[in-house]
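Peer 1:
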Amino acid sequence: MAFIVSSAHDFLMSLPSHLIIDILSRLPAKSLLRCKAVCKHWLHLTSDPYLAKLHLTRSKPGVAIHQSEPSKNLLRLADFDDFHHPTAEIDLQSLSPSPEIVVEGSVKGLLLLRDANYKHEALYVCNPLTREYIVLAAPKQVVRYPSVVTHGFGVTKGSDEFKVVRIYQEREMDPRSGSCLRIPNSECHVYTLGTGEWRAVGDAPFAYDGRLIGQFFRDNLHWLVEDLNGHELISRFDLQNESFHPFPAPFPGRKLLGSVGVLDDCLCLCDNTSNFEVDIWVMKEYGVGKSWTKRFVIRKMPELIGPSFEIVRVLKVLGDGNILLVWADYCVLNYCSKSEVTQEVDMVQSRGPNSVEAMHYVPSLMTLKTFVMEKVVVF
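If you're matching positions, the sequence shown starts at 1 in UniProt numbering and goes up one per residue.
If you want it as structure tokens, here you go:
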């Protein structure tokens, strides 16, 4: 047996490097990380930036699950069909002791994390597989109610520049209705990874909801926003040109309780306005307002029926037609399209004051050390 293993090893080592890289790029990320320990030659090959790029194109999309409990702050990477057996599990307390870490974006295997504690707000870009992170320069504005802040995370096409967008707004509120009367100050800043600094890119139009994050799709970030008349629309931020543009919502002029997402390579909107159901709208032709179509009507669980102020996000349509939804930061729901029954997904979490977030994630071996101007921390 030892002879056979040795012969197989010798055969692999005799192959040209480009063939070995092609073979390695087809392995699951967890297996590929183990290959680093085989020998110095494989350590060198597995550290090749070309392998990281090739592997990313072949990686199986999965989900990043963030579970926060009073004594735990865990990030689990898993396949959509098996939440209970994660491919990786990371204790975020090794990154920050704060219990208020939230996930604000996921792009090409990198996660944008935010410490939402107003006393020491911080932003991190993290690769959970390579266990590296960068602490972004601290923003100048301090968030105090009724001011709001929201973020988006994306990458430009062609130049592959990773950008974090931060929108900060100071608002004057109607004390009776709670609606926004005026926005005396609205700022947008962009942080390009590798530069080490924020850049002001002008005012951010419209009124933003601090509970929503920018959805990255087709080289743009998208937020569901309001004008000062309370009319809903979508704000689109072009990452390449760093400019805002209005975008048509499914039904202009109607009040929504929704979020923007991506479903089957289409921009979608998940609306939780109804007491009894959640509507999912899909924009079949990107940028064409008339192409909005109501695709799913999901009946709520009995315990969720009634007036709600919670944001619901669509996560994925599974191969069997079932739909995964994220209800605020409380739970993940599974809607069976055949039985039309919605059930809570068991996340193996104790009862109590806990939170659950789930977001699309594609495993990546890209090292953050490619951003030479940043201080990379290994945890």
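By construction, the Cβ of each residue, glycine as well, lies at the ideal position given by its N, Cα and C atoms. Just so you know, these numbers come straight off a predicted model, no measurement behind them.
For residue 110, which of 131, 122, 100, 97 has the nearest alpha-carbon?
Peer 2: Residue 110 sits at position 110 when you count from the first residue of the sequence shown. Measuring from the Cα of residue 110, the nearest candidate turns out to be 131.
Peer 1: Determine the burial state of residue 272: buried for a count of at least 16 other Cβ atoms within 10 Å of its Cβ, exposed for fewer.
Peer 2: Working through the sequence shown from its first residue, we reach residue 272 at position 272. Under this definition residue 272 is a buried residue.
Peer 1: How is residue 85 classed by DSSP in three states: helix, strand or coil?
Peer 2: Along the sequence shown, read from residue 1 onward, the residue named residue 85 stands at position 85. Coil.
Peer 1: Which residues in the same chain have their Cβ closer than 6 Å to the Cβ of residue 191, if we skip the five residues on either side of it in sequence?
Peer 2: Residue mapping note: residue 191 aligns to position 191 of the sequence shown, counting from 1. The residues are 136, 164, 198.
Peer 1: Check each candidate in 314, 95, 78, 93 and name the one with the smallest Cα separation from residue 87.
Peer 2: Taking the first residue of the sequence shown as 1, we reach residue 87 at position 87. Selection 314, 95, 78, 93 evaluated against residue 87 yields 78 as nearest (Cα-Cα).
Peer 1: Which term fits residue 407, buried or exposed, when burial requires 16 or more other beta carbons within 10 angstroms of its beta carbon?
Peer 2: The shown model of the chain, from 1 to 379, leaves out residue 407, and the question about it has no answer.
Peer 1: Identify every run of the beta strand (DSSP E) within the stretch 218-259, keeping only runs that are complete inside it and at least 3 residues long; order them along the chain.
Peer 2: 220-226, 232-238, 243-247
Peer 1: At what residues does the beta strand (DSSP E) containing residue 79 begin and finish?
Peer 2: Here the question's residue 79 lines up with position 79 in the sequence shown. Note, residue 79: premise wrong, no beta strand (DSSP E); not H, not E.
Peer 1: Quick check: the stretch 283-296 against the stretch 246-255, are at least 3 beta-carbon pairs closer than 8 Å?
Peer 2: yes
Peer 1: Going by beta carbon distance, what residues of the same chain come within less than 6 Å of residue 185, once the five residues before and after it are set aside?
Peer 2: Within the sequence shown, the letter at position 185 stands for residue 185. Correct list, in chain order: 170.
Peer 1: Report the rounded CA-to-CA distance for residue 283 versus residue 17, giving the unit in angstroms.
Peer 2: Within the sequence shown, numbered from 1, the residue matching residue 283 stands at position 283. Within the sequence shown, numbered from 1, the residue matching residue 17 stands at position 17. Cα to Cα, residue 283 sits roughly 44 Å from residue 17.
Peer 1: Quick check: what's the CA-CA separation for residue 172 versus residue 240?
Peer 2: For the purposes of this step, residue 172 is identified with residue 172 of the sequence shown, where counting begins at 1. For the purposes of this step, residue 240 is identified with residue 240 of the sequence shown, where counting begins at 1. Cα-Cα distance, rounded: 32 Å.
Peer 1: I'd like to know whether the C-beta atoms of residue 166 and residue 189 end up nearer to each other than 8 Å.
Peer 2: For the purposes of this step, residue 166 is taken as residue 166 along the sequence shown, with counting starting at 1. For the purposes of this step, residue 189 is taken as residue 189 along the sequence shown, with counting starting at 1. Yes, they are a contact pair.
Peer 1: Tell me the rounded alpha-carbon separation between residue 204 and residue 187.
Peer 2: Here the question's residue 204 lines up with position 204 in the sequence shown. Here the question's residue 187 lines up with position 187 in the sequence shown. Each residue's Cα considered, the two are about 6 Å apart.
Peer 1: Would you check if there are 3 or more beta carbon pairs closer than 8 Å linking the stretch 58-78 to the stretch 370-377?
Peer 2: no
Peer 1: Below 8 Å on the Cβ atoms is my guess for residue 254 versus residue 232; work out the distance and round it to an integer in Å.
Peer 2: Working through the sequence shown from its first residue, we reach residue 254 at position 254. Working through the sequence shown from its first residue, we reach residue 232 at position 232. Approximately 7 Å separates the beta-carbon atoms of residue 254 and residue 232; this is inside 8 Å, confirming the contact.
Peer 1: In the structure shown, what three-state DSSP assignment does residue 310 receive?
Peer 2: Start at 1 with the first residue of the sequence shown, and residue 310 comes out as number 310. In the structure shown, residue 310 sits in coil (DSSP, three-state: anything other than H, G, I, E or B).
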